[in-house]
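So the sequences go chain by chain: R and S.
One point on numbering: in this note's numbering, the residue at position 70 of the first sequence is 70, and numbering is uninterrupted.
One point on numbering: in this note's numbering, the residue at position 121 of the second sequence is 121, and numbering is uninterrupted.
The beta-carbon is built from N, C-alpha and C at its ideal position, and this holds for glycine as well.
Below: one structure, written as structure tokens.
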Amino acid sequence: MNEHANAALHCVDVLKHVCGDNDIYNDTPLCREIRKHLDHCPGCTNFLQSMNKTIELYQHYHPNVPADLHAKVVEALRHRTQDK
Amino acid sequence: MDHSDNSVQDPESKLIDLAKQGDGKAFGELVKQFEDTVYSFAFKVCRDHEKAVETAQDTFVNVYLKLNQFDGKSKFSTWLYSIVANNCLMKRRKTKLEESSVSIDESSDIRVDDLVSYIVPWDPDPAETLLTNELKNVLDEAIKKLPMEYRVVFVMRDVEQMAGEEVAEVLGLSLPAMKSRLRRARLFLRNELRPYMEVKP
Numbered sequence: 001m002n003e004h005a006n007a008a009l010h011c012v013d014v015l016k017h018v019c020g021d022n023d024i025y026n027d028t029p030l031c032r033e034i035r036k037h038l039d040h041c042p043g044c045t046n047f048l049q050s051m052n053k054t055i056e057l058y059q060h061y062h063p064n065v066p067a068d069l070h071a072k073v074v075e076a077l078r079h080r081t082q083d084k
Numbered sequence: 001m002d003h004s005d006n007s008v009q010d011p012e013s014k015l016i017d018l019a020k021q022g023d024g025k026a027f028g029e030l031v032k033q034f035e036d037t038v039y040s041f042a043f044k045v046c047r048d049h050e051k052a053v054e055t056a057q058d059t060f061v062n063v064y065l066k067l068n069q070f071d072g073k074s075k076f077s078t079w080l081y082s083i084v085a086n087n088c089l090m091k092r093r094k095t096k097l098e099e100s101s102v103s104i105d106e107s108s109d110i111r112v113d114d115l116v117s118y119i120v121p122w123d124p125d126p127a128e129t130l131l132t133n134e135l136k137n138v139l140d141e142a143i144k145k146l147p148m149e150y151r152v153v154f155v156m157r158d159v160e161q162m163a164g165e166e167v168a169e170v171l172g173l174s175l176p177a178m179k180s181r182l183r184r185a186r187l188f189l190r191n192e193l194r195p196y197m198e199v200k201p
């Protein structure tokens, strides 16, 4: 645990907040405390950076769509909906 | 929804209405417009090309059979995502895809004892330059270890950037339950990537 463990807001609370789909840029007392904590806690800042990088990597990984996808979808529609 | 005044309808709604009335050409256009989106989303969840193609086929068969149930209250793409997500979840149940997935429970949540390991920074280079084939394999293998219920939430919310409320609604979850799954999925994936991404001293 780092030096901020005894501060008003503990690292574990900050990390739960930033991992839980909560916007830290809202103008609420909690978010202000979180931003203040992040300004002085390299551990939490690095953790937040690594979390954002994880999401960013998955966002930028675009699969190649197979050239025969349309033909395969049409084939499935022909076979499985012909009597409907 | 009253679509009697076709002059104010957007092209997508017009196509949907025509397809509902049995216009095959309009349905074909819908397939063309959305097949890449459906395939990409299915791949991001399954991480397997063959399964993603099967899921795309199943999804458009479902769309054909259930199009009259689409009431236009949500975006058509959201409705499609809900069908793809259900197909992925059903496929998982049928084929026991998840035999190798890990158990994600409270123990995988943040622990104070772990905080010391969070200090090492990660490679700051942009994601595009980091995405080698090797790293893509690591990303695939990491997400495949997640149970499907967590994968779907992560892909919808973080990768496709759907609103949290929308993800919760599509998956029939409360907002806190959706956030809890998202938090655990993010933590799990982040920890899986850590050995590859930490800046070496």
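With DSSP run on the structure shown, which of helix, strand or coil describes S:Glu12?
Translated into positions along the second sequence, residue 12 of chain S becomes position 12. Three-state DSSP puts S:Glu12 in a helix.
Can you pull the chain S neighbours of R:Glu56, defined as C-beta to C-beta under 7 Å?
Locating residue 56 of chain R in the first sequence gives position 56, where the first residue counts as 1. What R:Glu56 touches in chain S: Ala127.
Here's the rule: buried if 16 or more other CB atoms are within 10 angstroms of the residue's CB, otherwise exposed. What is S:Met197?
Counting from 1 along the second sequence, the entry for residue 197 of chain S is found at position 197. Its Cβ being crowded by 16 or more others within 10 Å, S:Met197 is buried.
Against S:Ala56, what residues of chain R qualify as contacts under a CB-to-CB distance less than 9 Å, listed in chain order?
What you label residue 56 of chain S is simply residue 56 of the second sequence in a count that begins at 1. The answer, in chain order, is Leu69, Lys72, Val73 and Ala76.
For S:Asp123 and S:Leu171, what's the separation of their Cα atoms in angstroms?
Residue 123 of chain S sits at position 123 when you count from the first residue of the second sequence. Residue 171 of chain S sits at position 171 when you count from the first residue of the second sequence. The alpha-carbon atoms of S:Asp123 and S:Leu171 are separated by roughly 34 Å.
Between which two residues does the alpha helix (DSSP H) holding S:Asp140 run?
Against the second sequence, residue 140 of chain S aligns to sequence position 140. Where S:Asp140 is concerned, the enclosing alpha helix (DSSP H) stretches over Asn133 to Lys144.
Quick check on R:His17: buried or exposed, where buried means 16 or more other Cβ atoms within 10 Å of its Cβ?
Taking the first residue of the first sequence as 1, we reach residue 17 of chain R at position 17. It is buried - the Cβ of R:His17 has at least 16 other Cβ atoms within 10 Å.
S:Asp164 touches chain R at which residues, Cβ-Cβ below 8 Å?
Indexing the second sequence from 1 puts residue 164 of chain S at position 164. Residue identity differs from the one stated: residue 164 of chain S is Gly in this sequence, not Asp. Ordered by position in chain R, the residues that pass the 8 Å Cβ test against S:Gly164 are Asp21.
Quick one: list the residues of chain S neighbouring R:His62, beta-carbon separation under 8 Å, in chain order.
In the first sequence, residue 62 of chain R corresponds to position 62, counting from 1. Near R:His62 (Cβ distances below 8 Å), the residues of chain S are Ser40.
Anything in chain S within Cβ reach of R:Pro66, meaning under 7 Å, just list it in chain order.
Here residue 66 of chain R refers to the residue found at position 66 of the first sequence. In chain order: His49 and Val53.
Which residues bound the alpha helix (DSSP H) around S:His49?
Position 49 of the second sequence, counted from the start, is the residue given in the question as residue 49 of chain S. Looking at the DSSP string, the run of the alpha helix (DSSP H) that includes S:His49 is His49 to Lys66.
With a CB to CB cut of under 6 Å and the five nearest residues on each side skipped, what residues in its chain are close to S:Leu97?
By one-based count along the second sequence, residue 97 of chain S stands at place 97. Note on S:Leu97: pLDDT 49, under 50, position unreliable in the model; no value is reported.
Which residues in chain S have a C-beta closer than 9 Å to the C-beta of R:Arg35? List them in chain order.
As a position in the first sequence, residue 35 of chain R is number 35, starting the count at 1. The contacting residues do not exist; R:Arg35 stays about 18 Å from chain S at best.
Report the rounded CA-to-CA distance for S:Ser13 versus S:Ala56, giving the unit in angstroms.
Looking up residue 13 of chain S in the second sequence gives position 13. Looking up residue 56 of chain S in the second sequence gives position 56. Distance between the alpha carbons of S:Ser13 and S:Ala56: 21 Å.
Does any CB atom of chain R fall closer than 8 Å to the CB of S:Arg190?
Taking the second sequence and counting its residues from 1, the one referred to as residue 190 of chain S is at position 190. Cβ-Cβ to chain R under 8 Å: yes for S:Arg190.
Please report how far the alpha carbon of S:Ala204 lies from the alpha carbon of R:Tyr25, in whole angstroms.
No answer is possible for residue 204 of chain S: it lies beyond the span of chain S, which begins at 1 and ends at 201.
Excluding five sequence neighbours on each side, which residues of the same chain lie with their C-beta closer than 8 Å to the C-beta of S:Thr59?
Within the second sequence, the letter at position 59 stands for residue 59 of chain S. So the qualifying residues of the chain are Val38, Ala42, Leu80, Ile83, Val84 and Asn87.
Quick check on this structure: which residue in R:Val14, R:Val65, R:His10 and R:Asp23 has the alpha carbon closest to the alpha carbon of S:Lys51?
Within the second sequence, residue 51 of chain S is the residue found at index 51, counting from 1. S:Lys51 has its Cα closest to that of R:Val65, out of R:Val14, R:Val65, R:His10 and R:Asp23.
Does the CB of S:Met197 have a neighbour CB from chain R at under 8 Å?
For the purposes of this step, residue 197 of chain S is taken as the residue at position 197 of the second sequence. Yes, its Cβ sits closer than 8 Å to a Cβ of chain R.
Can you give me the C-alpha to C-alpha distance between S:Leu130 and S:Asn137, rounded to a whole angstrom?
One-based indexing of the second sequence puts residue 130 of chain S at position 130. One-based indexing of the second sequence puts residue 137 of chain S at position 137. Roughly 12 Å between the two C-alpha positions.
Taking beta-carbon pairs under 8 Å, can you tell me which members of the segment 37 to 50 of chain R lie near chain S?
For the segment 37 to 50 of chain R, which is checked against every Cβ of chain S, the residues closer than 8 Å are Pro42, Gly43, Cys44, Asn46, Phe47, Gln49 and Ser50.
How is the alpha helix (DSSP H) around S:Asp36 delimited, first residue to last?
As a working mapping, residue 36 of chain S is identified with position 36 in the second sequence. Gly24 to Cys46 is the extent of the alpha helix (DSSP H) around S:Asp36.
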